[in-house]
Amino acid sequence: MALNISSVSLARRCLQHCRRNYGISAVLAQKVPQDPIQKLFVDKLREYTQKSKSAGELFVDPTTEIKKEYDDEIKRAQTQYGGGKDVDMTRFPEFKFVDPELDPITLEKKQ
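Once you know that position 15 of the sequence shown is 15 in full-length UniProt numbering, the rest is easy, because the numbers rise by one and skip nothing.
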């Protein structure tokens, strides 16, 4: 008897899950026309992706004004932070820390 009740309960839960899954899949399977704003957004994203792949430059669709502003900012950073002709200001600087030599017994600096 207990086996019969548990199998009926299992069958009911299984049927309920099947109904839910069928209801969800029916909604997802419908071909709904896209929202025009969403379609425009996706089209612009695809267009930007195409342009960024084809452009080998730093910017996509750069204007002379944008390039000039970028160059001015790089020059300002070079003068402010010590960049020169051979220094790449777009790369993160490398730090070299040197540990002082300590006397192993007293742990004081050697002179």
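Even for Gly, the Cβ is constructed at its ideal location relative to N, Cα and C.
Practice problem: Measure the Cβ-Cβ separation of Q78 and M89 and say whether it is below 8 Å. | Solution: Cβ distance < 8 Å, so Q78 and M89 count as in contact.
Discussion item. Restricting to runs no shorter than 3 residues, where is the beta strand (DSSP E) found entirely within the segment 39-85?
Written reply: Entirely contained in the segment 39-85, not one beta strand (DSSP E) run reaches 3 residues.
Worksheet item: Roughly how many angstroms separate the alpha carbons of E101 and I74, rounded to a whole number?
Response: Distance between the alpha carbons of E101 and I74: 39 Å.
To the nearest angstrom, report how far apart Q34 and V42 are at their CA atoms.
-> Rounded to whole angstroms, Q34 to V42 spans 10 Å at the Cα level.
query: Do you know whose CA, among V98, V60, G56, lies nearest E47's CA?
result: Ranked by how close their Cα comes to the Cα of E47, the residues V98, V60, G56 have V60 in first place.
* **Separation of A11 from S25, as counted between CA atoms** => Their Cα atoms are separated by approximately 21 Å.
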